[in-house]
Amino acid sequence: MPQPFTIHGQAIRPGTRTTVDLPVAQLHTHTPVNMPVQVVRGRGDGPRVFVSAAIHGDELNGVEIIRRVLRHKALKRLRGTLVAVPIVNVHGVLHHSRYLPDRRDLNRSFPGSERGSLAARLAHLFMTEVVGNCDYGIDLHTGAIHRGNLPQIRADLDDPEADRLAKLFGVPVLLNSALRDGSLRQAAGDRGVPVLLYEAGEALRFDEFSIRVGVRGVLNVLRALGMLRPSRRKRPLPEPYVARSSNWVRAPQSGFLRTTVELGALVKKGDRLGVVSDPFGEQEETVKALGEGIVVGRTNLPLVNEGDGLFHIARFKAADEVAAELEAFQSEEEAFSTNERGEEAD
Ligand SMILES: [Zn+2]
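Spelled out as structure tokens, the structure:
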């Protein structure tokens, strides 16, 4: 007999799909606010996995990733339970904002508390109803506003299970990121629930490549956990490379930035990444790479102030191998999207 699964007092039977509204603080206008959760239970027993998005309310790629995963036909043969939470920070999404109305960052407010700030209460609700019911989690993020991120996985790679799943997600670039205080990833990790963080694209934008890679990554993890059947298409996973460290190259002066490198580009020490200029083109400064690495994040806003982070460069043992893998990965993904859309599309 499969184990019972109960969320917010509601029992979800095997072989069913149910949307549960978790009530959060209502709006000023007396309008009730809910955190919508969809629980998909397979007929057979298996792990319980949550996939969450929009903890930062302006990070929308994950909402679309979850929508596509939920419509994917592979779920018909699901074993175990998928708990999908496409909009964690409901207030943030309503305001197109990363934050809660009091400017608190929800992803610094975990594990939260029942009587704390609105952020703390939301975090507490998520920990109790979602994390408390799951064995694993995948948390979907994007770069901040006006910043694009190369699809990448951040996880505590010193945790063997997180390391295994991070490599099976299927992106070439992995960042072993220290657990950040107050993050969902840390709070869940403390409770023995490993969480992968997928970062891709830019806030308030849909990025098709990032979304596709994210959908396939979530499905890859569910397959690796034995919740979905192996894919019939024999598409090898990309070779995962773990960054040794990363740093931001900052604006040498204020002005307008013209960028000359794309996400995923290989750069060497002293390479030109862009130029910051005044509006007359009289005062120009070249932005140079401080060392060899791969561009994993980039600002998309030409307006920059001195000191602003412009390019996020990750260092690898063999950056040229990573660049070659990324190029193959990108062109394969493009070919896949035109030839074999059927399987991945909804
Ligand atoms: Zn985020």
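Residue numbers (the numbering used here): 24 to 369. Glycine residues also receive a C-beta, built at the ideal position from the N, C-alpha and C atoms. Since the model is a prediction, treat every value here as computed from it, not as a measurement.
- Judged by DSSP secondary structure, residue 151 falls within the alpha helix (DSSP H) whose first and last residues are 141 to 152.
- For residue 186, the uninterrupted alpha helix (DSSP H) segment begins and ends at 183 to 192.
- Between residue 145 and residue 129, the gap from beta carbon to beta carbon is short of 8 Å.
- Residue 152 and residue 31 have their C-alpha atoms some 6 Å from each other.
- Per DSSP, reduced to three states, the secondary structure at residue 32 is coil, with no helix or strand assignment.
- Per the Cβ contact rule, the region 286 to 300 is in contact with the region 339 to 355 (3 or more Cβ pairs under 8 Å).
- With the rule of 3 Cβ pairs closer than 8 Å, the region 123 to 142 does not count as touching the region 165 to 183.
- Going by beta carbons, residue 244 and residue 303 fall outside the 8 Å limit.
- Excluding its 5 nearest sequence neighbours in each direction, residue 46 has C-beta neighbours in its own chain below 7 Å: 55, 57, listed in chain order.
- Secondary structure at residue 78: coil, using DSSP grouped into helix, strand and coil.
- Checking the DSSP bridge columns, you'll see residue 311 partnered with 295.
- Apart from sequence neighbours up to five positions away, the residues of its chain that approach residue 204 with a beta-carbon distance below 8 Å are 131, ordered along the chain.
- Assigned with DSSP and collapsed to three states, residue 328 falls in coil, not helix or strand.
- In terms of side-chain proximity, the C-beta atom of residue 225 is found no nearer than 7 Å to any non-hydrogen atom of ligand 1.
- The beta-bridge partner set that DSSP reports for residue 353 is empty.
- Here the region 60 to 68 lies against the region 36 to 50, with 3 or more beta-carbon pairs under 8 Å apart.
- Short of 6 Å from the beta carbon of residue 100, and not among the five residues preceding or following it, lie these beta carbons of its own chain, in chain order: 252.
- Counting C-beta pairs with one atom in each stretch, the region 103 to 117 and the region 83 to 91 have three or more that are closer than 8 Å, which means they touch.
- Here residue 265 is bridged, per DSSP, to 197.
- For the alpha helix (DSSP H) assignment, the uninterrupted runs of no fewer than 4 residues enclosed by the region 48 to 118 are, from N- to C-terminal side, 84 to 94, 113 to 117.
- A check of alpha carbon separations from residue 71 across 142, 90, 161, 51 identifies 161 as the nearest.
- Between ligand 1 and residue 161, a heavy atom-to-CB distance of less than 7 Å is absent.
- Taking the C-beta atoms as reference points, residue 266 is found no nearer than 8 Å to residue 188.
- Judged by their CB atoms, residue 282 and residue 297 are nearer to each other than the 8 Å cut-off.
- DSSP, reduced to helix, strand and coil, places residue 248 outside both helices and strands of the structure shown, so it counts as coil.
- Sixteen is the threshold: when 16 or more other Cβ atoms of the shown chains lie within 10 Å of the Cβ of residue 28, as they do, the residue is buried.
- Taking the Cβ of residue 234 as the reference point, every heavy atom of ligand 1 lies at 7 Å or farther away.
- The shortest C-alpha to C-alpha distance from residue 325 to any of 333, 150, 318 is the one to 333.
- Between the C-alpha atoms of residue 141 and residue 120 there is a straight-line separation of about 15 Å.
- In this structure, residue 226 lies near residue 82, with their beta-carbon atoms less than 8 Å apart.
- Beyond the five residues adjoining it in sequence on each side, residue 78 comes within less than 7 Å, by CB distance, of 111, 112, 129, 130, 162, 207 in the same chain, given in chain order.
- Burial is judged here by how many other beta carbons sit within 10 angstroms of a residue's own beta carbon; residue 337 has at least 16 and is buried.
- Here residue 358 is exposed. Its C-beta has fewer than 16 other C-beta atoms within 10 Å.
- The beta carbon of residue 216 sits closer than 8 Å to those of 154, 157, 158, 159, 160, all from its chain and outside the five residues before and after it, given in chain order.
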